[in-house]
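Student: In order, the protein sequences belong to chains A and B.
If you count the first sequence from 1, position 38 lands on 125 in this note's numbering, and the numbers rise without skipping.
If you count the second sequence from 1, position 201 lands on 424 in this note's numbering, and the numbers rise without skipping.
For every residue, glycine included, the Cβ atom is placed at its ideal position computed from N, Cα and C.
Here the structure is a predicted model, which means the values were calculated and not measured.
Here you go, one structure.
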Amino acid sequence: MKTRLLVQISYSLLMARWKQTLVAAIGVTFSITMFITLLSFMSGLNDLLDGLVINRTPHIRLYNEIQPTKKQAVELSSEYKNNHNFIHSIKPKNELQQIRNSGAIIQSLKKDNRVLGVAPKINLQVFYNVGTTDINGIINGIEVEEENRLFFFKDYVTQGNYIDLKNISNSIILGKGIADRMLVNIGDVVQITTSKGERVPMKVVGFFQSGLQEIDKIQSYTNITTAQKLLGESNAYVTDLQIKLKDLKQAPFLAKEFASMYDVEAIDIQTANAQFETGSSVRSLISYAVGITLLIVSGFGIYNILNMMIYEKMDSIAILKATGFSGRDVKKIFIGIALSIGVFGGLLGLFFGFGLSFIIDNIPFNTAALPTIKTYPINYNPKFYIIGTIFSILTTYFAGYFPSKKASKVDPVVIIRGK
Amino acid sequence: MAMKILEAQNIIKYFHDPVSVQVLKNINFSVTQGEFISIIGKSGCGKSTLLYILSTMDTDYEGMLYIEGKSMKKLKEAELACVRNEKIGFVFQFHYLLNEFNVLQNVMLPGLKLAKYNKQEVEHRAFEKLKILGIEKEVYKHPNQLSGGQKQRVAIARALINDPIIIMGDEPTGNLDKKNSEIVFDIFKQLSEEFNQTLLIVTHDNEFAARTHRIIEMEDGIILKKD
């Protein structure tokens with residue numbers, strides 16, 4: 088009953104100055120709209136750029152690096168224990184790049200419930216033969232279906248069908264860059280020379296575009312068994328194991344564990360792509376800063392309007408207090424006004440923010456670098472809407488708090504005597 | 224013997240700005256139920272100051288104030304607000320009606336605040352009070368559509384809404400012409416005689432005061448004559 092009366096008084100005071108309050112509410116609406124749009128757009132862009140790397144990069148990569156033995160035999164020998172070893176520039180012994188016992192490692196990783204999946208890969212140094220010229224390149228031998236499940240391979244195959252790689256023997260999906268240089272089309276046959284000097288014809292079944300031009304100029308994909316065949320190795324030959332985890336954050340920790348458990352080198356995504364993390368967080372920070380600044384500015388607008396309203400309504404405040412409304416009641420009335428501006432403006436802002444995001448989401452955005460993107464990216468994360476609501480209420484509350492406090496301190500005797 | 228509804232004991236008041244001046248010097252007096260009292264005196268003699276202390280709005284004084292036998296000295300701001308709401312009705316020189324509300328709502332506000340009756344009952348009572356004051360035809364108008372005399376009558380209706388034990392007036396006819404002053408005085412008189420309403424009116428209109436039951440004359444912060 089009592090609260091309802093205060094709400095009714097707030098409403099009447101608000102309506103008596105509806106143009107002013109509307110301007111204040113529009114200020115809040117505008118800032119919330121921009122806050123939502125800015126964050127949705129920025130975060131959409133972040134996701135897109137992160138996706139470029141994170142979707143395609145294994146969370147942990149296991150590989151075998153050819154390097155000289157760390158402890159040389161002579162250092163282990165007790166006979167020469169007190170002697171100085173001056174042999175330097177030691178070379179690695181003839182060792183294959185392959186991961187030993189890869190089959191067993193894959194089996195064991197697949198049983199690990201922290202692991203989402205494992206895709207084996209073979210890295211193959213080749214030359215693409217274009218007439219008499221040879222172009223340097225790398226062919227990745229992949230397990231097509233697993234690669235697609237874990238790293239969305241299909242998204243990057245812009246022409247042709249990715250599954251043909253598995254179904255057609257001696258087939259290849261060329262990087263868009265290299266394909267353009269070789270002037271080939273789907274269905275053509277290209278000549279490849281392996282590092283061992285063998286020349287192999289391969290059928291082009293598609294083109295892929297990663298968005299990173301340097302990669303598209305060099306890399307191509309083939310089936311893992313074809314790659315093994317090119318190298319003349321058995322079907323146990325694998326140079327890389329790409330692991331995708333259920334929780335990305337565990338990667339650095341698990342990388343160490345796997346490295347010691349399987350006696351291989353392991354690199355986690357955070358170490359390999361530190362710069363992307365930094366870029367994303369700085370971009371979000373900037374958008375939050377801009378959004379919150381807008382809100383604070385609109386808060387000052389509300390503060391001004393309430394201050395003016397209180398000067399205008401001095402008489403009303405005095406008589407309310409004279410007829411039995413306490414300082415707290417008066418404070419509630421004015422905070423009520425501020426909050427209704429905030430809530431009304433804020434809700435409208437959420438609505439417009441969604442609308443503006445939706446419009447941006449439908450603006451065509453075609454770029455050669457990003458084949459899967461057709462429109463500007465937007466992230467409709469409800470988190471932004473919740474933060475927007477909380478901030479609009481908080482800023483209007485504080486903008487209303489100080490003028491309301493002043494109103495509650497009005498001494499009716501001073502006002503009434505002054506007449 | 225009628226009940227003492229308001230009693231002031233040794234009220235002393237200073238103004239400190241710009242220099243300390245004692246405006247009220249040891250004021251003692253009491254009001255009993257049903258009295259129609261006027262306080263007169265020259266400008267600056269402290270009569271309005273006394274009224275604001277008696278009304279509990281001014282709390283910066285020495286001495287004791289009892290309303291219905293209860294000391295007002297130790298009460299908090301919100302409790303004093305409740306006392307004003309329930310026990311005291313005010314009529315000022317200026318009407319102080321809220322322009323955002325119509326006449327009926329203005330009269331109802333203190334009643335709704337008290338919340339002793341529900342909204343329909345408060346509305347009904349507001350109609351009754353407005354009828355006593357002869358302005359029941361103007362209930363849905365806004366204060367800025369009324370004449371000065373009508374506004375003051377609405378203010379009186381607002382003072383009456385909670386059936387206060389006392390009505391305090393600070394020069395309620397000060398802003399009105401002869402005819403409207405007459406109407407307001409008649410209303411006070413009617414309230415006093417028909418409804419046995421206690422009234423305490425500050426005025427500098429001697430003619431007005433002469434027609435009240437009891438005159439308190441003040442000069443330089445002291446009461447000269449209490450009748």
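Check each residue of the segment 92-113 of chain A: if its Cβ is closer than 7 angstroms to any Cβ of chain B, include it; give the result in chain order.
Tutor: 92, 99, 100 and 103
Student: Name the chain A residues whose beta carbon is nearer than 7 angstroms to that of residue 305 of chain B?
Tutor: 411
Student: Spell out whether any CB of chain A is found under 8 angstroms from the CB atom of residue 338 of chain B.
Tutor: yes
Student: Whether or not the segment 312-324 of chain A and the segment 201-214 of chain A are in contact is what I'm after, with contact meaning three or more pairs of Cβ atoms, one per stretch, closer than 8 angstroms; do they touch?
Tutor: yes
Student: What's the C-alpha gap between residue 410 of chain B and residue 353 of chain B?
Tutor: 11 angstroms
Student: Let me know the secondary structure DSSP gives residue 467 of chain A once reduced to three states.
Tutor: coil
Student: Using a Cβ distance threshold of 8 angstroms, determine whether the segment 413-422 of chain B contacts the segment 245-259 of chain B, with at least three qualifying pairs required.
Tutor: yes
Student: Does the beta-carbon of residue 447 of chain B have 16 or more other beta-carbons within 10 angstroms, so that it is buried, or is it exposed?
Tutor: exposed
Student: Measuring alpha carbon to alpha carbon, tell me which residue in A/487, A/361, A/381 and A/328 is nearest residue 202 of chain A.
Tutor: A/328
Student: Taking the runs of the beta strand (DSSP E) that are 3 residues or longer, which of them lie wholly in the segment 245-331 of chain A?
Tutor: Runs found: 258-262, 276-281, 286-295 and 306-310.
Student: Using three-state DSSP, classify residue 207 of chain A as helix, strand or coil.
Tutor: strand
Student: The segment 412-432 of chain A: which residues have C-beta closer than 7 angstroms to a C-beta of chain B, in chain order?
Tutor: 412, 413, 414 and 415
Student: Under 8 angstroms between C-beta atoms, does residue 363 of chain B make it to chain A?
Tutor: no
Student: For the segment 278-302 of chain B, enumerate the residues whose C-beta is nearer than 7 angstroms to any C-beta of chain A, in chain order.
Tutor: 280, 281, 300 and 301
Student: Looking only at DSSP bridge pairs, what is residue 424 of chain B linked to?
Tutor: B/261 and B/392
Student: For a contact defined as C-beta to C-beta under 7 angstroms, what are the partners of residue 403 of chain A on chain B?
Tutor: 321
Student: Cutting at 7 angstroms between CB atoms, please list the residues of its own chain near residue 351 of chain A, excluding the five before and the five after it.
Tutor: 149, 150, 151 and 186
Student: Which residues in chain B have a C-beta closer than 9 angstroms to the C-beta of residue 397 of chain A? List them in chain order.
Tutor: Listed by position along chain B, the residues whose Cβ is nearer than 9 angstroms to that of residue 397 of chain A form an empty set, because the closest Cβ is around 14 angstroms away.
Student: Taking the runs of the alpha helix (DSSP H) that are 4 residues or longer, which of them lie wholly in the segment 98-157 of chain A?
Tutor: 105-141
Student: So, at 6 angstroms on beta carbons, what are the nonlocal neighbours of residue 204 of chain A in its own chain, with the 5 sequence-adjacent residues on each side left out?
Tutor: 237 and 331
Student: If we call anything under 8 angstroms between Cβ atoms a contact, is residue 229 of chain A one with residue 305 of chain A?
Tutor: no
Student: Quick one: is residue 370 of chain A near chain B, going by C-beta distance under 8 angstroms?
Tutor: no
Student: Excluding the 5 residues flanking residue 463 of chain A on each side, which residues of the same chain have their C-beta closer than 6 angstroms to its C-beta?
Tutor: 447, 450 and 452
Student: Please give the ranges of any alpha helix (DSSP H) in the segment 353-399 of chain B, keeping only runs that are unbroken, at least 4 residues long and fully inside the region.
Tutor: 371-383
Student: Identify every residue that forms a DSSP beta bridge with residue 445 of chain B.
Tutor: B/442
Student: Could you tell me if residue 244 of chain B is buried or exposed, where buried requires 16 or more neighbouring beta carbons within 10 angstroms of its beta carbon?
Tutor: exposed
Student: Using the Cα positions of residue 408 of chain A and residue 414 of chain A, report the straight-line distance between them to the nearest angstrom.
Tutor: Between residue 408 of chain A and residue 414 of chain A, the C-alpha separation is close to 7 angstroms.
Student: Strictly under 8 angstroms for the Cβ-Cβ distance: is residue 247 of chain B near chain A by that measure?
Tutor: The beta carbon of residue 247 of chain B sits no closer than 8 angstroms to any beta carbon of chain A.
Student: Might you give, ordered along the chain, the residues of its own chain that have their beta carbon closer than 8 angstroms to the beta carbon of residue 159 of chain A, omitting 5 neighbours on each side?
Tutor: Within the same chain, Cβ atoms closer than 8 angstroms to the Cβ of residue 159 of chain A are found at 172, 174 and 177, the five residues on either side in sequence being excluded.
Student: Relative to the C-alpha of residue 242 of chain A, which candidate in A/124, A/142 and A/291 has its C-alpha closest?
Tutor: Distances from the alpha-carbon of residue 242 of chain A to those of A/124, A/142 and A/291 put A/142 closest.
Student: Just list the residues that DSSP pairs residue 414 of chain A with in beta bridges.
Tutor: Answer is none; residue 414 of chain A lacks a bridge partner.
Student: Measure the alpha-carbon distance for residue 132 of chain A versus residue 358 of chain A and round it to whole angstroms.
Tutor: 22 angstroms
Student: DSSP beta-bridge partners for residue 247 of chain B?
Tutor: B/236
Student: I'd like the ranges of any alpha helix (DSSP H) spanning at least 4 consecutive residues and lying wholly in the segment 180-234 of chain A.
Tutor: 189-198
Student: Can you list, in chain order, the residues of its chain whose CB lies under 8 angstroms from that of residue 407 of chain B, leaving out five sequence neighbours each side?
Tutor: Excluding residues within five positions, the ones whose Cβ falls inside 8 angstroms are 372, 375, 376, 379, 395, 396 and 399.
Student: Cβ closer than 9 angstroms: which chain A residues qualify as neighbours of residue 275 of chain B?
Tutor: 499, 500, 503 and 504
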